[in-house]
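Notes follow once the structure below has been shown.
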Amino acid sequence: MPETVIDVSNLVKSYSDLRAVDGISFSIKRGEVFSLLGPNGAGKTTTVEILEGVRNRTSGDVRVLNEDPEKSRTLTFKLGILPQDFSFIYNSTPKEALTFYKHTLRASGDIQEILEMVELGDKATTPFQKLSGGQKQKLGLALSLVNDPEVLFLDEPTSGLDPRARRNIWNVIKTLKERGKSILLTTHYLEEAELLADRVAIMNKGKIIDSGTPMEIVERHHEDDNLIIRGDGQVERDLAAGGFQFQRDGSYIKLRLKNIRDATSIINYLSEHKTKFEDFTLKRESLEDVFIRMVGEIEEDETE
Ligand SMILES: Nc1ncnc2c1ncn2[C@@H]1O[C@H](COP(=O)(O)OP(=O)(O)OP(=O)(O)O)[C@@H](O)[C@H]1O
Ligand SMILES: [Mg+2]
Numbered sequence: 002m003p004e005t006v007i008d009v010s011n012l013v014k015s016y017s018d019l020r021a022v023d024g025i026s027f028s029i030k031r032g033e034v035f036s037l038l039g040p041n042g043a044g045k046t047t048t049v050e051i052l053e054g055v056r057n058r059t060s061g062d063v064r065v066l067n068e069d070p071e072k073s074r075t076l077t078f079k080l081g082i083l084p085q086d087f088s089f090i091y092n093s094t095p096k097e098a099l100t101f102y103k104h105t106l107r108a109s110g111d112i113q114e115i116l117e118m119v120e121l122g123d124k125a126t127t128p129f130q131k132l133s134g135g136q137k138q139k140l141g142l143a144l145s146l147v148n149d150p151e152v153l154f155l156d157e158p159t160s161g162l163d164p165r166a167r168r169n170i171w172n173v174i175k176t177l178k179e180r181g182k183s184i185l186l187t188t189h190y191l192e193e194a195e196l197l198a199d200r201v202a203i204m205n206k207g208k209i210i211d212s213g214t215p216m217e218i219v220e221r222h223h224e225d226d227n228l229i230i231r232g233d234g235q236v237e238r239d240l241a242a243g244g245f246q247f248q249r250d251g252s253y254i255k256l257r258l259k260n261i262r263d264a265t266s267i268i269n270y271l272s273e274h275k276t277k278f279e280d281f282t283l284k285r286e287s288l289e290d291v292f293i294r295m296v297g298e299i300e301e302d303e304t305e
């Protein structure tokens, strides 16, 4: 059984009369990538900062590497932290930033090696403000790695980045996972969580409304699967003649499937009738599709 590295039980954080975190519980095993998902203001950053020891909690139990982050004086040395909207001192270079962190954290990491790992090797002496958005995030990630931490907190590491820069950071996170690091990742990109996270928890208004592997969550909440066929009016006529219900959407024809196996009979039917179509795909809802419905539904319920 892998060891538990983070354990959260009935965690509450109140700001005056707002319960930003409202009694959440979860745990993370060593080597796991665990993702907290939720809309703006759900309480993700508050939770992460309590685990980092940056904020105090109102009530509940929190253990990170078997220590209470509020009380421990040594935990910081074992953690890697990339804060949301990371920024750094004007004019300082990645090399200087890493040197500063290395000394502060009494670490022995090789600065150039870390810069290479996040693909900033050629930007070692570029002033912070001259780095692109993606490069700034990569510097934040590099700083979180300086002490070769066991546990990493990455709060929206790819926010606002272009798809290529985002993929670069995903590759770094995958490498860290391969090296056995435990990672708590918050993100607004559901695709990112689906790709990187072993387990996710969906937070809304301070509460965890569901958790599990991305696949388990999709299984629990998805609506019907769809068969999407690209084809012309003849395809529609033949489908109608066969009694199939469908919707036209641009060059696509969409059929909702009660059972994913029904796709076979529809395609067989079209083949038997020698109906010509361009191609077809089978689409199950993604984590993003079910996430939007789950978070939306809760808000609607509350307005009743
Ligand atoms: N220091 C603070 N004082 C008062 N309210 C706060 C404070 N920090 C956060 N909040 C409130 O707590 C709630 C949760 O904020 P938090 O930053 O944890 O959300 P989040 O899930 O990280 O959101 P985002 O996706 O926008 O980063 C929000 O309503 C926010 O306004
Ligand atoms: Mg946040």
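To convert, count from 1 in the sequence shown and add 1; that's this note's numbering. Even glycine gets a Cβ: it sits at the ideal position worked out from N, Cα and C.
### Task
Taking leucine 191 as the reference, give the member of Thr214, Tyr91, Pro70 with the closest Cα.
Thr214
### Message
I need the DSSP call for tyrosine 16, collapsed to helix, strand or coil.
### Response
strand
### Query
To which residues does DSSP link phenylalanine 87 through a beta bridge?
Answer is none; phenylalanine 87 lacks a bridge partner.
### At least three beta-carbon pairs within less than 8 Å, the stretch 8–26 to the stretch 155–171
no
### Message
Please tell me whether lysine 14 has its Cβ less than 9 Å away from any Cβ of chain D.
### Response
Absent from the structure: chain D. Only one protein chain is present.
### Exposure label - glutamine 1; buried when at least 16 CB within 10 Å
No information on residue 1 is available, as it lies outside the stretch 2 to 305 that the chain covers here.
### Cβ neighbours of aspartate 225 in the same chain (closer than 8 Å, five flanking residues each side left out)
Arg257, Leu258, Lys259
### Complete runs of the alpha helix (DSSP H) confined to the stretch 101–141 [at least 4 residues]
112–118
### Message
Using a Cβ-based criterion (distance less than 8 Å to any ligand heavy atom), does glutamine 246 qualify as near ligand 2?
### Response
no
### Query
Any chance the CB of asparagine 41 is under 8 Å from a heavy atom of ligand 1?
yes
### Task
With a cut-off of 7 Å, give the chain-ordered residues whose Cβ is closer than this to any heavy atom of ligand 2.
Lys45, Thr46, Gln85, Asp156, Glu157, Thr187
### Query
Where does valine 296 sit, in a helix, a strand or coil, going by DSSP?
helix
### Message
Assuming the contact rule is C-beta atoms closer than 8 Å, histidine 222 and methionine 295 should be a hit. Round their C-beta distance to whole Å, please.
### Response
6 Å
#### Entry: Contact the stretch 129–139 vs the stretch 70–81: 3+ CB pairs below 8 Å
no
### Task
Could you tell me if lysine 284 is buried or exposed, where buried requires 16 or more neighbouring beta carbons within 10 angstroms of its beta carbon?
exposed
### Task
Express the C-alpha separation of arginine 56 and methionine 204 in angstroms, rounding to a whole number.
19 Å
### Task
With DSSP as the reference, label alanine 202 as helix, strand or coil.
strand
### Message
Based on DSSP bridge pairs, tell me the residues matched to phenylalanine 154.
### Response
Ile82, Leu185
### Task
With a threshold of 8 Å, establish whether the CB of alanine 21 neighbours any heavy atom of ligand 1.
yes
### Query
Should methionine 204 be counted as a contact of ligand 1 given a C-beta to heavy atom distance under 8 Å?
yes
### Message
If you follow the beta strand (DSSP E) that valine 147 is in, where does it begin and where does it stop?
### Response
No beta strand (DSSP E) contains valine 147, which DSSP labels as neither H nor E.
### Task
Tell me whether the beta-carbon of lysine 139 lies closer than 9 Å to the beta-carbon of asparagine 169.
yes
### Message
Can you find the residues in the same chain that come closer than 6 Å, C-beta to C-beta, to isoleucine 174, ignoring five residues on each side of it along the sequence?
### Response
Leu197
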